[in-house]
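*Asks:*
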Amino acid sequence: MGSSRKTELYFVFMNYDPEYERLRADRTKRGVYELDSYLSRKHDQLLANTLEHGSYKKTLSLVIVDGFGVEITEDQANVLRSANGVRLVEKNQEVS
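To convert a position in the sequence shown, counted from 1, into our numbering, add 1383.
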């Protein structure tokens, strides 16, 4: 099996989204819940529309930067890099 089949943790950061900015400005309990829900759906939809179902594992959504962590292959990371709305895809770097 080549390295292109090995899954690793990548972080995906999204382009500017006015709805994200609007929701992030609402610091109420309801606003925080709505932001969490919005980002989770947005990130899940991007993955579902871009990658094959069952070939990835989203690990978390990052509320503070509109991004998420996902376990994917290097080939899948390259596919996500060209997806609409994606600003940056970076492999997790372990600090030693």
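The C-beta atom is built at its ideal place from N, Cα and C for all residues, glycine as well. Every value quoted in this text rests on a predicted model; they were computed, and no experiment measured them.
(1) Span of the alpha helix (DSSP H) holding residue 1422?
(2) Within 10 angstroms of the Cβ of residue 1455, are there 16 or more other Cβ atoms? Answer buried if so, exposed if not.
(3) By a C-beta neighbour count over all protein chains shown, 10 Å radius and 16 as the cutoff for buried, is residue 1449 buried or exposed?
(4) At the level of alpha carbons, what is the spacing between residue 1386 and residue 1438?
(5) So, helix, strand or coil for residue 1462, using DSSP?
(6) Less than 8 Å between the beta carbons of residue 1463 and residue 1452, yes or no?
(7) Please name the residue in 1389, 1400 and 1413 whose C-alpha comes closest to that of residue 1470.
(8) Give the DSSP-derived three-state secondary structure of residue 1477 in the structure shown.
(9) Whole angstroms is fine: what's the gap from residue 1441's alpha carbon to residue 1394's?
*Replies:* Reading from the atomic positions:
(1) 1412-1433
(2) buried
(3) buried
(4) In this prediction, residue 1386 scores a pLDDT of 49, lower than 50, which makes its location untrustworthy; the coordinate-derived value is nonetheless stated afterwards. Each residue's alpha carbon lies about 15 Å from the other.
(5) helix
(6) no
(7) 1400
(8) coil
(9) 10 Å
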